[in-house]
Amino acid sequence: SISPATLSAISNAAKKGVLFKGGIHMENLSNIKAIALDKTGTLTNGKPKVTDAYFKKDVDRDYITCVVGAIESESTHPLAQALTTYSNENTDTNQPIEVFGMKNISGNGVTAFVDQKKWEIGKPDFVGMEHANSFLDGVAGKLASEGKTVVFVKRQDDIVAVFALKDTVRDTTKAAIMKLKNLGIHTVMLTGDNEITAKAVAEEAGIDDYIADCLPQEKVEHVKALRNKYDSIAMVGDGINDAPALASASVGIAMGEGTDVALETADVVLMKSDLSKITNSISLSNRMNRIVK
Ligand code: ADP
Ligand code: MG
Numbered sequence: 301s302i303s304p305a306t307l308s309a310i311s312n313a314a315k316k317g318v319l320f321k322g323g324i325h326m327e328n329l330s331n332i333k334a335i336a337l338d339k340t341g342t343l344t345n346g347k348p349k350v351t352d353a354y355f356k357k358d359v360d361r362d363y364i365t366c367v368v369g370a371i372e373s374e375s376t377h378p379l380a381q382a383l384t385t386y387s388n389e390n391t392d393t394n395q396p397i398e399v400f401g402m403k404n405i406s407g408n409g410v411t412a413f414v415d416q417k418k419w420e421i422g423k424p425d426f427v428g429m430e431h432a433n434s435f436l437d438g439v440a441g442k443l444a445s446e447g448k449t450v451v452f453v454k455r456q457d458d459i460v461a462v463f464a465l466k467d468t469v470r471d472t473t474k475a476a477i478m479k480l481k482n483l484g485i486h487t488v489m490l491t492g493d494n495e496i497t498a499k500a501v502a503e504e505a506g507i508d509d510y511i512a513d514c515l516p517q518e519k520v521e522h523v524k525a526l527r528n529k530y531d532s533i534a535m536v537g538d539g540i541n542d543a544p545a546l547a548s549a550s551v552g553i554a555m556g557e558g559t560d561v562a563l564e565t566a567d568v569v570l571m572k573s574d575l576s577k578i579t580n581s582i583s584l585s586n587r588m589n590r591i592v593k
């Protein structure tokens, strides 16, 4: 049965906006030595905006922007929503675009057929790195070093446009990471984004380490590897993709604004998506453990 000290700690945490789904998770949280954090929606606000657009010479920019919007409007990915908004706000023509066979390629991008041509929208590796490099001549690297996600648009064998999107690090992130470090907890960012963008965001957030180009299914492997190394670890995430990784951690923590699947899978929910609540909860659980023992 649950001890009065545990019950009181859980109720205190709840008052501070942290929902523990059981006393054991509070006990486990006080033992963690490392914490893995998803990037988009966890460390960042998860609401990217298009900041730059480049087009191949002599293409119909309006048409291409319309097609990108039409394809991405069928995806719920945060980048897709930003590209759809951009398309709506930056096109004059109302030409109806018919999209066929749209596919989400998890961790990579999307593909679809429009006007009998195959379109691919996504990361450089996904559209083919050789195309990606030749198109922008170093500009893509510069955009990524500013922490922007660079999305390539390929029609058949041609890169016809490149968009850069910038997400912002949450106001509460930096201080929270600092506090975790002060508690001696190793911090690692997991992201599907590329190496250069990941590095820039990790530096901005003050994270110890990062793993880039991480496919959703690979997040679980990285969490398991961290568990082998640090014994007890927490994972924080918000997306459907994060659920398996949350389940594999000693303590799975979900951001309150996250998807239902993440909220259901997690052991702990941060009701206000504020990472500094984690350190508050660790202090609470340490105090509880002293009373229980
Ligand atoms: P994260 O782990 O940062 O949330 P994802 O694993 O969801 O990222 O996606 C990894 C990368 O795949 C993105 O940075 C982007 O380059 C590309 N990508 C994914 N979905 C889309 C999409 N709908 N449109 C364009 N690019 C996408
Ligand atoms: Mg996320």
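Position in the sequence shown (first residue = 1) + 300 = full-length UniProt numbering.
Ideal placement from N, C-alpha and C gives every residue a C-beta, glycine not left out.
Residue j beta carbon less than 8 Å from that of residue i
i	j	result
residue 538	residue 376	no
residue 487	residue 511	no
residue 323	residue 344	no
residue 566	residue 550	no
residue 428	residue 516	no
residue 426	residue 352	no
residue 562	residue 547	no
residue 313	residue 581	yes
residue 492	residue 513	yes
residue 584	residue 337	no
residue 570	residue 401	no
residue 424	residue 331	no
residue 369	residue 388	yes
residue 382	residue 350	yes
residue 440	residue 364	no
residue 421	residue 410	yes
residue 391	residue 362	yes
residue 456	residue 418	yes
residue 577	residue 545	no
residue 501	residue 447	yes
residue 326	residue 302	no
residue 458	residue 524	no
residue 568	residue 553	yes
CA nearest to the CA of residue i, picked from the options
i	options	result
residue 347	330, 470, 459, 455	470
residue 354	451, 573, 557, 582	451
residue 587	329, 402, 319, 321	329
residue 496	580, 365, 370, 443	443
residue 579	335, 411, 365, 383	335
residue 339	473, 319, 380	473
residue 557	476, 361, 574	574
residue 465	477, 449, 337, 480	449
residue 371	415, 337, 358	415
residue 528	378, 327, 333	333
residue 384	321, 476, 311, 373	373
residue 481	509, 560, 458, 311	509
residue 526	485, 327, 477	485
residue 319	589, 356, 555	555
residue 536	476, 483, 503, 589	476
residue 559	378, 315, 302, 304	378
residue 504	310, 445, 367	445
residue 541	404, 530, 366, 531	404
residue 453	308, 321, 367	367
residue 572	308, 304, 315	315
Three-way DSSP call (helix, strand, coil) for residue i in this model
i	result
residue 336	strand
residue 546	helix
residue 438	coil
residue 449	strand
residue 580	helix
residue 314	helix
residue 329	helix
residue 499	helix
residue 521	helix
residue 563	helix
residue 466	strand
residue 417	strand
residue 515	coil
residue 322	coil
residue 397	coil
The beta strand (DSSP E) enclosing residue i, as first and last residue numbers
i	result
residue 486	486-490
residue 343	From DSSP, residue 343 is part of no beta strand (DSSP E); its letter is neither H nor E.
residue 351	349-355
residue 477	Per DSSP, residue 477 belongs to no beta strand (DSSP E); it is in the alpha helix (DSSP H), 473-482.
residue 509	509-511
residue 569	568-570
residue 411	409-414
residue 403	400-405
residue 533	533-537
residue 558	No beta strand (DSSP E) contains residue 558, which DSSP labels as neither H nor E.
Delimiting residues of the alpha helix (DSSP H) encompassing residue i
i	result
residue 389	378-389
residue 372	361-372
residue 427	424-427
is_contact[residue i, chain B] using C-beta, thresh 8 Å
i	result
residue 343	The chain inventory of the structure shown lacks chain B, comprising one protein chain alone.
Residue i: CB within 7 Å of a non-hydrogen atom of the ligand SAM
i	result
residue 441	This structure lacks the ligand SAM; its bound ligands are the ligand ADP and the ligand MG.
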